[in-house]
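Per our numbering, the very first residue in the sequence shown carries number 71; after that it's consecutive.
Just so you know, even glycine gets a beta-carbon here, dropped at the ideal spot from N, CA and C.
The structure displayed is predicted, hence computed values, not measured ones.
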Amino acid sequence: MNSFEVTRVGRASVPVGRAIQLYLLAQFQKLADIATGLDHEDEATAAEAVHDFRVTCQQMRSVLNSFSAYLPRKPIIRLIRDIRKLQKSLGEARDIHILLSQEELVLGLRQELEAKVQELMAKHAEKASDKTISSQIARICQRDVDPEDELKLGGEPLSKKGVVLLRRLDAIIPAVLYAQAAAITAYKPFLPTNRQEWPAAAGETAAAGITRFWTEPYWPSADVMHRLRLEFKQLRHTLMMLSNYWGEIGDDLTRSCNEMQDTLGYLNDRRVFATAMFNYWRQNPADTSVPAVWPQLRESQADAVDAFLKSWRQLDFNWFQEQLQPLVSWCADQVSYDNC
Numbered sequence: 071m072n073s074f075e076v077t078r079v080g081r082a083s084v085p086v087g088r089a090i091q092l093y094l095l096a097q098f099q100k101l102a103d104i105a106t107g108l109d110h111e112d113e114a115t116a117a118e119a120v121h122d123f124r125v126t127c128q129q130m131r132s133v134l135n136s137f138s139a140y141l142p143r144k145p146i147i148r149l150i151r152d153i154r155k156l157q158k159s160l161g162e163a164r165d166i167h168i169l170l171s172q173e174e175l176v177l178g179l180r181q182e183l184e185a186k187v188q189e190l191m192a193k194h195a196e197k198a199s200d201k202t203i204s205s206q207i208a209r210i211c212q213r214d215v216d217p218e219d220e221l222k223l224g225g226e227p228l229s230k231k232g233v234v235l236l237r238r239l240d241a242i243i244p245a246v247l248y249a250q251a252a253a254i255t256a257y258k259p260f261l262p263t264n265r266q267e268w269p270a271a272a273g274e275t276a277a278a279g280i281t282r283f284w285t286e287p288y289w290p291s292a293d294v295m296h297r298l299r300l301e302f303k304q305l306r307h308t309l310m311m312l313s314n315y316w317g318e319i320g321d322d323l324t325r326s327c328n329e330m331q332d333t334l335g336y337l338n339d340r341r342v343f344a345t346a347m348f349n350y351w352r353q354n355p356a357d358t359s360v361p362a363v364w365p366q367l368r369e370s371q372a373d374a375v376d377a378f379l380k381s382w383r384q385l386d387f388n389w390f391q392e393q394l395q396p397l398v399s400w401c402a403d404q405v406s407y408d409n410c
C-alpha cells in the first residue's frame, strides 16, 4: 500500500467535501467568536482580534483553494473572493495596530493612527462582510456530498485518480522542495551578509541623522524582506503539510523557516514603523519628539538587522541541500517501494 493512503486526519473514512464543510462551519464559528473583540476598548485585545480574524480568513482561503475541486465551483470562487476582500480590509487595520504597539511611537502620530483605525473598523462593520460569508458557507454546507466521487481521508482505499496522484507526489516532492530552497537563496545578492554603518559627520544635527538613516547600505528593502518572508512561509507550509507522511523528518528545517519568517516579519514591521515616523516628522518638522526617540528606534533596528544577518549568512544552498537530503531519500524509498 502506498504510504500516502494513510493520513493522520482520522481513522474513519470521511469524504473530502464533507470534511471541508465541517471545517468551514468550525472556522466560521471561530470567526464569530473572534469578532466580539474587534472593537474592544483595550488596544491590545482589539489588535489581537484583528490579527486572529485575518489569519483565520487566510487559513480558510488556503483550504478552499487547495480543495476547490471537491466543492461546487461557482459558490467556492465567490466565497474565496469575499474572504479575500474581508482579509484585505482588515490587513490595513492590522498594520496600524502593529504601529500603535511600537515603543517609540510619538503622541502626534498615535492620534493620527487611532483615528485611521477607527475609520477602517467602522467601514468594516458597515459592510457586514462576515454575514455575507456566513450565508454562503451555510448554503455550501447544505449541499449533499456524493461519497462515490470523493477522495477519502483515512484508511479506506482511495479512488483510482487519487492513488495515481499521490504516488506521483513521491516523485515530484524533491523537485518542489529544491525549487523553493533555490527561490530563497536567490535573494542572496539582494541582501547583505554583514551590516555596514556610515559614521556620523562632525556636528551632525538630529534632522540630518534621521535623513542619513535612510541611505545607509545595510538597510534591507522592505519589499525584498516581505517577498523573502513569503518564500520562507511557503516552504514551511509545504514541509508542515507533508510532515503528516514523514513524521519528524524535516523538523529542523521547518523550525529554521519559522524562525526566519518571524525575524523577517519583525524586521519588516520595524521598517514600516520607521517609515511612518519619518513621514510624520517630515510633515511635522517642529515636533521635537521624533528626533528625541530616533536614536532608540535606530539602535533597536540595528539589533534586529544583526539578528537576521547572523542566520542569513548560514542559509546558503549547501545548507538547504543538507537539510533536504533525508526528505529526498524518504521520497526515493517510497518510489522504489511502489515499483516493487
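Can you tell me the Cα-Cα spacing of Thr308 and Leu160, whole angstroms?
-> Counting from one through the sequence shown, the residue named residue 308 turns up at place 238. Counting from one through the sequence shown, the residue named residue 160 turns up at place 90. C-alpha separation (whole angstroms): 26 Å.
Just curious, the alpha helix (DSSP H) that Tyr336 is in, first and last residue?
Looking up residue 336 in the sequence shown gives position 266. Residues 321 to 353.
Practice item. Could you have a look at Val176 and say whether DSSP puts it in helix, strand or coil? Key: As a position in the sequence shown, residue 176 is number 106, starting the count at 1. Val176: coil per DSSP, three-state reduction.
| task | Less than 8 Å between the CB atoms is what I'm expecting for Ala117 and Ser205, so what's the real figure, rounded? | result | Residue numbering aside, residue 117 sits at position 47 when the sequence shown is read from its first letter. Residue numbering aside, residue 205 sits at position 135 when the sequence shown is read from its first letter. Not really, about 28 Å apart at Cβ, beyond 8 Å.
Check whether the region 146 to 166 and the region 321 to 332 are in contact - that is, three or more C-beta pairs closer than 8 Å.
no
Subject >> Backbone CA spacing between Gln129 and Ala277 [nearest angstrom] >> reply: Residue mapping note: residue 129 aligns to position 59 of the sequence shown, counting from 1. Residue mapping note: residue 277 aligns to position 207 of the sequence shown, counting from 1. Between Gln129 and Ala277, the C-alpha separation is close to 44 Å.
Alpha carbons only, please: which of Gln391, Lys380, Ile203 is nearest the one belonging to Leu334?
Here residue 334 corresponds to residue number 264 of the sequence shown, with the count starting at 1. Of the candidates Gln391, Lys380, Ile203, the one whose C-alpha sits nearest the C-alpha of Leu334 is Lys380.
- prompt: If you drop the 5 nearest sequence neighbours on each side, which residues of the same chain put their C-beta closer than 7 Å to that of Leu397?
  reply: By one-based count along the sequence shown, residue 397 stands at place 327. Correct list, in chain order: Leu247, Trp316, Ile319, Gly320.
Note to self: For Ala344 and Ser399, I'd like the C-alpha separation in whole angstroms.
What the structure shows: On the sequence shown, position 274 is the one that residue 344 refers to. On the sequence shown, position 329 is the one that residue 399 refers to. So the two alpha carbons sit approximately 45 Å from each other.
Checklist line | Ile413 versus Leu95 - alpha carbon distance | finding: The shown model of the chain, from 71 to 410, leaves out residue 413, and the question about it has no answer.
* To do: Please state if the CB of Val125 and the CB of Ala163 are separated by a distance shorter than 8 Å.
  => Here residue 163 is taken as the residue at index 93 of the sequence shown, counted from 1. Here residue 125 is taken as the residue at index 55 of the sequence shown, counted from 1. Not a contact, by the Cβ cut-off of 8 Å.
Q | Cβ-Cβ separation, Met191 to Leu108 (assumed contact under 8 Å), whole Å | A | Position 38 of the sequence shown, counting from 1, holds the residue named residue 108. Position 121 of the sequence shown, counting from 1, holds the residue named residue 191. Between Met191 and Leu108 the Cβ distance is about 6 Å, and since that is below 8 Å, they are a contact.
Item checked: Spatial neighbours of Met326 in its chain, beta-carbon cut-off 6 Å, leaving aside the 5 residues before and after -> Here the question's residue 326 lines up with position 256 in the sequence shown. The residue asked about is misnamed: residue 326 is Ser in this sequence, not Met. So the list is empty, once near-sequence residues are dropped.
Notebook entry, point to check: Can the beta-carbon of Thr255 be found less than 8 Å from the beta-carbon of Phe390?
Noted result: On the sequence shown, position 185 is the one that residue 255 refers to. On the sequence shown, position 320 is the one that residue 390 refers to. A contact, by the Cβ cut-off of 8 Å.
- Is Gly279 helix, strand or coil when you go by DSSP? Residue mapping note: residue 279 aligns to position 209 of the sequence shown, counting from 1. Residue state, collapsed to three classes: helix.
- Which residues bound the alpha helix (DSSP H) around Gly107? In the sequence shown, the residue the question calls residue 107 occupies position 37. From DSSP, Gly107 is part of no alpha helix (DSSP H); its letter is neither H nor E.
What residue from Leu183, Pro259, Val176 has the CA that sits closest to Trp382's CA? Counting from 1 along the sequence shown, the entry for residue 382 is found at position 312. Taking only the C-alpha atoms, the option nearest Trp382 is Pro259.
_Less than 8 Å between the beta carbons of Leu149 and Leu169, yes or no?_
Within the sequence shown, residue 149 is the residue found at index 79, counting from 1. Within the sequence shown, residue 169 is the residue found at index 99, counting from 1. No, these two residues do not count as a Cβ contact at 8 Å.
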